[in-house]
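What follows is a set of notes on a single structure, which appears directly below.
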Amino acid sequence: MSEKTMESGGKGFLVLLLPISFLIVFLVSTWRFLLALVVLIIGFNIWQQYQWQQWCQRVNPVFHQLVRENQGKITPMDLALRGSFPGPTAKRYLDSKAAEFGASIVNAGETSEVYYFITASILGNILDSSEPVKQLSAQTVTTSARSLLAPPAPQAVEAEPEVELPPPTHQEVKQNLAKQLVFGSLIQSELAKRLNVYSSTVYKRRNDPDFPEWSRNRDPDGIAWTFSETTKEFFPVEE
23 MSEKTMESGG KGFLVLLLPI SFLIVFLVST WRFLLALVVL IIGFNIWQQY QWQQWCQRVN
83 PVFHQLVREN QGKITPMDLA LRGSFPGPTA KRYLDSKAAE FGASIVNAGE TSEVYYFITA
143 SILGNILDSS EPVKQLSAQT VTTSARSLLA PPAPQAVEAE PEVELPPPTH QEVKQNLAKQ
203 LVFGSLIQSE LAKRLNVYSS TVYKRRNDPD FPEWSRNRDP DGIAWTFSET TKEFFPVEE
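The sequence shown maps to residues 23 to 261 in my numbering.
Structure representation (structure tokens):
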């Protein structure tokens with residue numbers, strides 16, 4: 023190795039050694055302040071997280087009420103207007119709830135989103151609102167030849183009998199009504215169980231003009247019920 027090469031290598035080492043030396047001196051003299059700054063930043067983040075959790079606890083009742091009123095569909099605008107707080111805060115809250123409950127998010131526009139939260143009551147309404155499939159009577163096979171020009175004979179559809187279930191005890195009806203009317207209404211399957219009929223029977227009669235009187239005659243407490251097309255639920259008729 024030549025003398026010139028060794029000299030250039032020594033200068034390069036000094037160039038690297040000087041910044042490292044200054045950095046070590048700086049850390050030794052200021053490590054207490056740096057440690058205090060790190061602790062302060064961590065404590066501030068913990069405090070912000072605590073404040074957010076406390077705020078969410080106060081907003082949860084408003085969120086639950088909107089889920090019941092809107093059948094599980096909420097937008098950041100709905101929550102912001104009901105709670106009187108900024109839109110970005112409402113969106114952050116709904117994003118956290120969507121991740122917690124596995125809600126689906128649908129884009130309704132360039133800047134708006136709709137959050138769908140499915141509850142057991144909403145799912146029951148969706149299932150109960152479907153039309154029950156009627157079973158057709160089996161066609162009898164005939165051996166006689168039929169003219170090709172003759173139209174086929176119409177097949178009569180058997181009407182589904184309204185078979186009533188065994189009536190529950192009065193104490194069970196009282197307990198079930200107190201549990202079911204927590205939100206002031208019943209879904210189709212709950213009302214059918216209370217009236218001791220099939221759910222499809224309630225579905226066929228719910229829009230009849232005499233439905234309140236029909237339900238009163240079958241209700242164990244003589245309560246008349248009416249159907250709401252908006253919420254797909256049944257409410258007791260006020261006397």
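No residue lacks a Cβ here, since even glycine has one placed at the ideal position from N, Cα and C.
Just so we're clear, the structure is a prediction, and the values are computed from it rather than from any experiment.
(request) Just list the alpha helix (DSSP H) runs in the stretch 97–143, keeping only unbroken ones of 4 residues or longer that don't cross its boundaries, in chain order. (result) Taking only runs of at least 4 residues, the alpha helix (DSSP H) segments lying wholly in the stretch 97–143 are 98–105, 109–123.
(message) For the stretch 82–101 against the stretch 44–56, do three or more pairs of beta-carbon atoms, one drawn from each stretch, fall closer than 8 angstroms, so that the two count as touching?
(response) no
(message) DSSP three-state label for P8, please.
(response) This structure cannot settle anything about residue 8, because the visible part of the chain is limited to 23 through 261.
(message) Am I right that A112 and A120 are in contact with their C-beta atoms under 8 angstroms? What's the rounded C-beta distance?
(response) Wrong, their Cβ atoms sit about 12 angstroms apart, outside the cutoff.
(request) Starting from S250, trace the beta strand (DSSP E) both ways and give me its first and last residue. (result) That run of the beta strand (DSSP E) goes 247–250.
(message) Please report the distance separating the alpha-carbon of G124 from that of I64.
(response) 30 angstroms
(request) Identify, in the order they occur along the chain, each residue of the same chain with its Cβ nearer than 8 angstroms to the Cβ of I127, setting aside the five sequence neighbours on each side. (result) A120, E135, V136, Y137, Y138
(request) Go ahead and pull the three-state DSSP assignment for K215. (result) helix
(request) Tell me where the beta strand (DSSP E) around P242 begins and ends. (result) Careful: P242 lies outside any beta strand (DSSP E) and carries neither H nor E.
(request) Name the residue from S43, Q70, N82, R238 whose alpha carbon lies nearest to the alpha carbon of N218. (result) R238
(message) If you reduce the DSSP assignment to three classes, tell me which class E91 lands in.
(response) helix
(request) Just mark T97 as buried or exposed, buried being the case when its beta carbon has 16 or more other beta carbons within 10 Å. (result) buried
(message) Can you give me the C-alpha to C-alpha distance between L116 and N129, rounded to a whole angstrom?
(response) N129 has its alpha-carbon roughly 14 angstroms from the corresponding atom of L116.
(request) Drop a sphere of 10 angstroms on the beta-carbon of D243, count the other beta-carbons inside from all chains shown, and report buried for 16 or more, exposed for fewer. (result) exposed
(request) Run the CB neighbour count on V60, radius 10 Å, all protein chains shown included, and call it buried at 16 or more, exposed below. (result) Burial call: exposed.
(request) Answer with buried or exposed for P231, where buried requires no fewer than 16 other C-beta atoms within 10 angstroms of its C-beta. (result) exposed
(request) Could you tell me the boundaries of the alpha helix (DSSP H) in which K254 lies? (result) That residue, K254, is in no alpha helix (DSSP H); it is neither H nor E in DSSP.
(message) I'd like to check one pair, Q210 with F256: are the Cβ atoms closer than 9 angstroms?
(response) It is a contact, given that the beta carbons lie within the stated cut-off.
(request) State buried or exposed for W263, treating a residue as buried only when at least 16 other CB atoms are found within 10 Å of its CB. (result) The structure shown does not extend to residue 263, since the chain is modelled only from 23 through 261, so no value can be given for it.
(request) Within 10 angstroms of the Cβ of Q73, are there 16 or more other Cβ atoms? Answer buried if so, exposed if not. (result) exposed
(request) Pull up the distance between the alpha-carbon of I46 and that of E122, whole angstroms please. (result) So the two alpha carbons sit approximately 47 angstroms from each other.
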